[in-house]
C-alpha cells in the first residue's frame, strides 16, 4: 500500500540550538526491506535537504543543529515504490520553544511560607514557570511566576499551615512566545516550620464528691479549629482558688492522654488547660468549678425531672428550652453507660441552638443513654435539663414474674412487684398486658379484648398502662375451671412472643352447692315425705 500522510508532524526546539521534528508513522504498508517507506525532510526557503537522520519506533523523529536561520518551511515526504505522501510545517524557531524540565529544587522555609528555588538548562531564554503545590487534603494549587534568563528561578509560596508537609513541582514555558509547557520537575516534599499552637482545646469536666472535697476529672479534645503546629505536644493543667490568694498548682500531661484527675476542696476553683509544643503555648481553655457544701448537695442533679427522648436511624434527637442567659450550651453523655470506663462524651452548641441530633458509632439498640444539658456563661456551666432515651427500643428481655396472691371461684389476683422498670430494660416499659384463657376452650370474658395466637386459639387480653402498677385482678372467671395466664411487659419496641403460661384452677363455688340443696334436694325430700304420709 502507499504510505499514509504523516500525522502529527511538528517541529520544536528545547534550547535554540537543536530542532527536532516528530510525526506518527501511520498504517502498515506491508512493504519491507528496501521497499519499505523512506522519509526525507526538505527545507523550502533554503531549497536544501535537512541534514538529519530519521529514527522510528512508536514515533518517528529527526533532529539537526540550528544555524543562523530562524524561520523554516519543512516538507516531510513519506515514499515507497507504490507512491508518496507529504506533510508541511512552517514555523519560527523562537515560537517553538519546549523547555527542558526544571531540576535540582531546594527551599527556604518559615512556618507559613516556602521560598522554592530551581535550576534550568535554558540559558538565554526567558521563561514563564508554574509551580504546583499539593496540600495534605489532596487539593492542588497552581502558582505562576515570571522566570529569568539566569540559571535558576524562585517563587515565594505563602498562606501555608505551620508544620505541614506539601509536595511541590515546577514546569516552565517560553515567556515571549509560549508554545507548550516543559515536563514537570521531580516532585519534592517540604515541611513548613513549627509555630505556636493555634486555637484552643475543647475541655470538659466530671465532678465527683468525696470526703472533704471533690475529684475533678478533666477531659479535652482537639476541635477542628485547633492546630498543634508542631512535632511534639503536651498538655499543661493549672488550677487555683477563685476567691482567695493561693499558689497555683499545675501538672504536665503527655500527648497520648486526653484526660486527668485532680483533687480540690469545696472552694470555687479556676482550671485552665493549654497545649504546648516546642515553640509556645496555645490560648488557655478555662472552666470554673463552683464551690460546694461539705455534703456535695450543689452537685446533685436529682432534683431535675428526666424527660424521655426518641431515637432515629441517625441518632437520638435532643431539644431544650433556650435561655438568653448563656453564651453556649453543652450536652454530655456516656457512650458505654453500663461499662467501665463509660467513655464520657460532650458536644458544644451556639447560643441560638435549641436542638441537636446526637449520633455516635457506639450507640446500639436496647441501651438507655442519659443526656445532661448545660448552659455556659463566663466559663461557668449550669445544669439545665436531663434527657434519657434509646437509639431504638427493644422488647423486654424477660417476662414479669407473676405470682398468684389471691384466688377465688370467679377471680384471680396477680402480682409482679419485683419486676424492674429502670435502665436495665432495653426500652421504656410502657405498661403490661395480662393474657388469660380457659385451658380447654377459647376465652370470652367480660371487659377484655380478644387476642389471637398464631395457632388460632383466642386469649382474653387486659392492658395496664401504668408501668408502676404491678398488680391486676382478672374477674368473671368460671368456678372449678382450669385457666392459663401470662403477664407481658411492653416497651416502644413491643413485647416478646407468648410462650410460657402459668396455670390455675378456680375452686368449686360453695354457694352453688347451697343453692342446689335449696332448689333441688330440699323439694325432693319434702315431696318424699308427703308421699310417704299419704300412703300412711
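In UniProt numbering, the protein residues as written are 1 to 536.
Heads up, the beta-carbon is just placed ideally off N, CA and C, and yes, glycines get one too.
- Which ranges does the beta strand (DSSP E) cover as unbroken runs of at least 3 residues, wholly within the UniProt domain "Fibronectin type-III" (197-296), from first to last along the chain? Correct list: 202-210, 213-221, 234-241, 249-254, 259-264, 269-276, 285-289.
- Query: Are residue 331 and residue 349 touching if we call contact CB-CB under 9 Å?
  - Reply: Your numbering for residue 331 matches position 331 in the chain shown. Your numbering for residue 349 matches position 349 in the chain shown. In this structure, residue 331 lies near residue 349, with their beta-carbon atoms less than 9 Å apart.
- In whole angstroms, what separates the C-alpha of residue 205 from that of residue 216? To locate residue 205, count along the chain shown from 1; it is residue 205. To locate residue 216, count along the chain shown from 1; it is residue 216. One C-alpha to the other measures close to 6 Å.
- Assign residue 273 to one of two classes, buried (16 or more other C-beta atoms within 10 Å of its C-beta) or exposed (fewer than that). In the chain shown, the residue the question calls residue 273 occupies position 273. Under this definition residue 273 is a buried residue.
- By Cβ distance, which residues of its chain are closer than 8 Å to residue 410, with the 5 residues on each side in sequence left out? Translated into the one-based positions of the chain shown, residue 410 becomes position 410. Cβ neighbours of residue 410 beyond the five flanking positions: 475, 476, 477, 478, 479, 506, 509.
- The beta strand (DSSP E) spanning residue 431 covers which residue range? Stepping through the chain shown from its first residue, residue 431 is reached at position 431. That run of the beta strand (DSSP E) goes 431-438.
- If you count every other CB in all the chains shown that lies within 10 Å of the CB of residue 325, and 16 or more means buried, which is it? The residue you call residue 325 lines up with position 325 of the chain shown. By the C-beta density criterion, residue 325 is exposed, having fewer than 16 other C-beta atoms within 10 angstroms.
- Message: From the DSSP secondary-structure annotation, give me the bridge partner or partners of residue 4.
- Response: Looking up residue 4 in the chain shown gives position 4. Paired residues: none, contrary to the question.
- Task: Give me the Cα-Cα distance between residue 219 and residue 353, rounded to the nearest whole angstrom.
- Result: Counted from its first residue, the chain shown places residue 219 at position 219. Counted from its first residue, the chain shown places residue 353 at position 353. Note on geometry: alpha-carbon atoms of residue 219 and residue 353 lie some 23 Å from one another.
- From 251, 463, 266, residue whose alpha carbon lies closest to that of residue 260: As a position in the chain shown, residue 260 is number 260, starting the count at 1. Selected option, being the one with the closest Cα: 251.
- Task: Could you tell me whether the segment 126-137 touches the segment 158-169, where touching means 3 or more Cβ pairs closer than 8 Å?
- Result: With the cut-off at 8 Å, the segment 126-137 and the segment 158-169 touch.
- Query: Does DSSP put residue 64 in a helix, in a strand, or in coil?
  - Reply: By 1-based counting over the chain shown, the position of residue 64 is 64. Residue 64 falls in the strand class under three-state DSSP.
- By DSSP, does residue 121 sit in helix, in strand, or in coil? Counting from one through the chain shown, the residue named residue 121 turns up at place 121. Three-state result, residue 121: coil.
- Backbone CA spacing between residue 412 and residue 483 [nearest angstrom]: The count along the chain shown starts at 1 and reaches residue 412 at position 412. The count along the chain shown starts at 1 and reaches residue 483 at position 483. Those two C-alpha atoms are separated by around 10 Å.
- Query: Comparing alpha-carbon positions, which option in 237, 161, 253 lies nearest residue 227?
  - Reply: On the chain shown, residue 227 is found 227 positions in, with the first residue counted as 1. Closest option to residue 227, judged by alpha-carbon separation, among 237, 161, 253: 161.
- Message: For residue 109, which residues in the same chain have their Cβ closer than 7 Å to its Cβ, ignoring the five residues on either side in sequence?
- Response: Position 109 of the chain shown, counted from the start, is the residue given in the question as residue 109. Within the same chain, residue 109 has close Cβ partners 190, 192, 193.
- Looking only at its own chain, which residues have a Cβ that is under 6 Å from the Cβ of residue 121, when we skip the five neighbours before and after it? Here residue 121 refers to the residue found at position 121 when the chain shown is read from its first residue. So the list reads 100, once near-sequence residues are dropped.
- Message: So, under 8 Å CB-CB, residue 98 and residue 106 are touching, yes? Tell me the CB distance rounded to an integer number of Å.
- Response: Counting from 1 along the chain shown, the entry for residue 98 is found at position 98. Counting from 1 along the chain shown, the entry for residue 106 is found at position 106. Wrong, their Cβ atoms sit about 25 Å apart, outside the cutoff.
- Message: Need the endpoints of the beta strand (DSSP E) that residue 357 sits in, please.
- Response: As a first step, residue 357 is located in the chain shown; it is residue number 357 there, counting from the start. Looking at the DSSP string, the run of the beta strand (DSSP E) that includes residue 357 is 355-358.
- For residue 50, three-class secondary structure by DSSP: Taking the first residue of the chain shown as position 1, residue 50 is located at position 50. In the structure shown, residue 50 adopts coil according to DSSP, grouped into three states.
- Of all the options 48, 384, 5, which has the alpha carbon lying nearest to the alpha carbon of residue 28? Locating residue 28 in the chain shown gives position 28, where the first residue counts as 1. The shortest Cα separation from residue 28 among 48, 384, 5 belongs to 5.
- Reference residue 93; option with closest CA among 49, 423, 25, 18: Taking the first residue of the chain shown as 1, we reach residue 93 at position 93. Measuring from the Cα of residue 93, the nearest candidate turns out to be 18.
- Message: Rounded to whole angstroms, what is the Cα-Cα separation between residue 417 and residue 233?
- Response: Start at 1 with the first residue of the chain shown, and residue 417 comes out as number 417. Start at 1 with the first residue of the chain shown, and residue 233 comes out as number 233. Cα to Cα, residue 417 sits roughly 57 Å from residue 233.
- Task: To the nearest angstrom, report how far apart residue 174 and residue 278 are at their CA atoms.
- Result: Counting from 1 along the chain shown, the entry for residue 174 is found at position 174. Counting from 1 along the chain shown, the entry for residue 278 is found at position 278. Here the alpha carbons of residue 278 and residue 174 stand approximately 45 Å from one another.
- Task: Indicate the three-state DSSP secondary structure (helix, strand or coil) for residue 552 in the structure shown.
- Result: Residue 552 cannot be examined here, being either before or after the span of the chain that is shown, 1 to 536.
- Task: Indicate the three-state DSSP secondary structure (helix, strand or coil) for residue 12 in the structure shown.
- Result: In the chain shown, the residue the question calls residue 12 occupies position 12. It is a strand residue.
- Task: Could I get the ranges of all uninterrupted beta strand (DSSP E) runs contained in the segment 82-156, with 3 residues as the minimum, in chain order?
- Result: For the segment 82-156, whole beta strand (DSSP E) runs of length 3 or above, ordered along the chain, are 83-92, 103-109, 114-119, 127-134, 140-146.
- Message: As a quick exercise: from 141, 181, 176, 115, pick the residue whose alpha carbon is nearest that of residue 154.
- Response: Start at 1 with the first residue of the chain shown, and residue 154 comes out as number 154. Residue 115 is the option with its Cα nearest to residue 154.
- Item | Residue range of the beta strand (DSSP E) that includes residue 307 | Within the chain shown, the letter at position 307 stands for residue 307. Run containing residue 307: 306-309, per the beta strand (DSSP E) assignment.
- Query: How many angstroms separate the CA atom of residue 265 from the CA atom of residue 401?
  - Reply: Position 265 of the chain shown holds residue 265. Position 401 of the chain shown holds residue 401. Our two residues, residue 265 and residue 401, have alpha carbons roughly 47 Å apart in a direct line.
- Can you tell me the Cα-Cα spacing of residue 357 and residue 499, whole angstroms? Taking the chain shown and counting its residues from 1, the one referred to as residue 357 is at position 357. Taking the chain shown and counting its residues from 1, the one referred to as residue 499 is at position 499. One alpha carbon belongs to residue 357, the other to residue 499, and they sit about 38 Å apart.
- Query: Is residue 242 closer than 9 Å to residue 288 when the C-beta atoms are compared?
  - Reply: For the purposes of this step, residue 288 is identified with residue 288 of the chain shown, where counting begins at 1. For the purposes of this step, residue 242 is identified with residue 242 of the chain shown, where counting begins at 1. Going by beta carbons, residue 288 and residue 242 fall inside the 9 Å limit.
- Which residues in the same chain have their Cβ closer than 7 Å to the Cβ of residue 294, if we skip the five residues on either side of it in sequence? In the chain shown, the residue the question calls residue 294 occupies position 294. Its pLDDT being 48, under 50, residue 294 is placed unreliably in this model, and the coordinates cannot settle the point.
- Message: I'd like to confirm the pairing. Which residues does DSSP put opposite residue 488 in its beta bridges?
- Response: Position 488 of the chain shown holds residue 488. Beta-bridge partners of residue 488 (DSSP): 433.
- Task: Can you tell me which of 481, 197, 425, 129 puts its alpha carbon nearest to the alpha carbon of residue 489?
- Result: Numbered from its first residue, the chain shown carries residue 489 at position 489. Nearest in C-alpha terms to residue 489, of all of 481, 197, 425, 129, is 425.
- Query: What do you get for residue 433, buried or exposed, if any count of 16 or more other CB atoms within 10 angstroms of its CB means buried?
  - Reply: Within the chain shown, residue 433 is the residue found at index 433, counting from 1. Around the CB of residue 433, 16 or more other CB atoms lie within 10 Å, so the residue is classed as buried.
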